[in-house]
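Read the structure below first, then the notes.
Numbering (the numbering used here), first residue to last: 4 to 322.
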């Protein structure tokens, strides 16, 4: 009997099984008349339990809060904030939800979201997440970089080398957002050069080069023709080497968005024609794929599977 190849795992929770289970638990069941119908417990209880259990792991907390904010029905955070107005976790989640929705709702909503972020920061003074929510709001509202950097500083002041904080400012500095190419590359190189051994910030220049590739593809057809060549530049070789030796080959424990970083690294290694070094990255990924950066290539899922299966030698991918 032929064995069916397991499907790819492309999910917002990445490899965070507790977060994935919480999202499934909070998803309205088709047979019910709404989220929480037929249950005597508060609708927000699974989210509260998850965030309480996350504790002071600021890296994983930010990942979980932002995924919950994007994926859950809005009424979950609304109900939680109403039922527990002094709960710091409820305020932080509500702040993230409001920063996602406010830019499309007008100036008054943006100001209200800003106030919620600051209230959340007061309620959880050691947590960088409210400041990252405020940074996202400023990004969406095209606030100048010079005004956003102090907010980023509040986040990294609370959690130095916070992976999400560095990637959020990288996105802000991108020429596709509010910065320039020298801005984004200089920030990435300097951050990686100072990052502690084992920090995922070592991968930041690779992420910046992926951003450069996306920028070139969106700029003009002529620039897009040269986008693939930027992975063979001497500087690109050095950036990938730093990511491998400074993060991937270290004994550092996996961080919350390691799957995202592994996809960035696998993409870079295949673009740079370094298959031997890409193979162990794909082995570590197994079935976990992220849409980006593979969406920069035609047929992303097929491309990912081709490289993974070709390089690992396991056509069945039982992982």
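The beta-carbon is built from N, C-alpha and C at its ideal position, and this holds for glycine as well.
Only a predicted model underlies this, so the values are computations on that prediction, with no experimental measurement involved.
Residues sharing a beta bridge with residue 206, DSSP: Here residue 206 refers to the residue found at position 203 of the chain shown. Note: residue 206 sits in no beta bridge, so no partner.
Please state whether the Cβ-Cβ distance between residue 167 and residue 260 is less than 8 Å. For the purposes of this step, residue 167 is identified with residue 164 of the chain shown, where counting begins at 1. For the purposes of this step, residue 260 is identified with residue 257 of the chain shown, where counting begins at 1. Going by C-beta atoms, residue 167 is nearer than 8 Å to residue 260.
Can the beta-carbon of residue 326 be found less than 8 Å from the beta-carbon of residue 138? No answer is possible for residue 326: the residues shown for the chain start at 4 and end at 322.
According to the neighbour-count rule (16 or more other Cβ atoms, all chains shown, within 10 Å of its Cβ), is residue 177 buried or exposed? Taking the first residue of the chain shown as position 1, residue 177 is located at position 174. Flag for residue 177 reads buried.
Test item: CB-CB of residue 279 and residue 206 under 8 Å: One-based indexing of the chain shown puts residue 279 at position 276. One-based indexing of the chain shown puts residue 206 at position 203. In this structure, residue 206 does not lie closer than 8 Å to residue 279 by Cβ.
Using a threshold of 8 Å, state whether the C-beta atoms of residue 158 and residue 131 are closer than that. Locating residue 158 in the chain shown gives position 155, where the first residue counts as 1. Locating residue 131 in the chain shown gives position 128, where the first residue counts as 1. It is a contact, given that the beta carbons lie within the stated cut-off.
Going by beta carbon distance, what residues of the same chain come within less than 7 Å of residue 74, once the five residues before and after it are set aside? Indexing the chain shown from 1 puts residue 74 at position 71. The residues are 15 and 26.
Completely contained alpha helix (DSSP H) runs for the stretch 128 to 170, where each covers 4 or more residues: Those alpha helix (DSSP H) runs which fall completely within the stretch 128 to 170 and span 4+ residues are 132 to 143 and 148 to 161.
Can you give the Cα-Cα distance for residue 113 and residue 128, rounded to whole angstroms? Taking the chain shown and counting its residues from 1, one reaches residue 113 at position 110. Taking the chain shown and counting its residues from 1, one reaches residue 128 at position 125. Those two C-alpha atoms are separated by around 22 Å.
What ranges does the alpha helix (DSSP H) occupy inside the stretch 263 to 292, keeping only unbroken runs of at least 4 residues that lie completely in it? Listed in chain order, they are 278 to 288.
Return the CA-CA distance between residue 84 and residue 248, expressed in angstroms with no decimal places. In the chain shown, residue 84 corresponds to position 81, counting from 1. In the chain shown, residue 248 corresponds to position 245, counting from 1. Residue 84 and residue 248: Cα-Cα distance of roughly 44 Å.
Residue from 87, 276, 99 and 52 whose Cα sits closest to the Cα of residue 314: The sequence position of residue 314 within the chain shown is 311, counting from 1. Taking only the C-alpha atoms, the option nearest residue 314 is 276.
Rounded straight-line distance, which links the Cα of residue 125 to that of residue 46: Within the chain shown, the letter at position 43 stands for residue 46. Within the chain shown, the letter at position 122 stands for residue 125. Straight-line spacing of the CA atoms in residue 46 and residue 125 works out to 25 Å.
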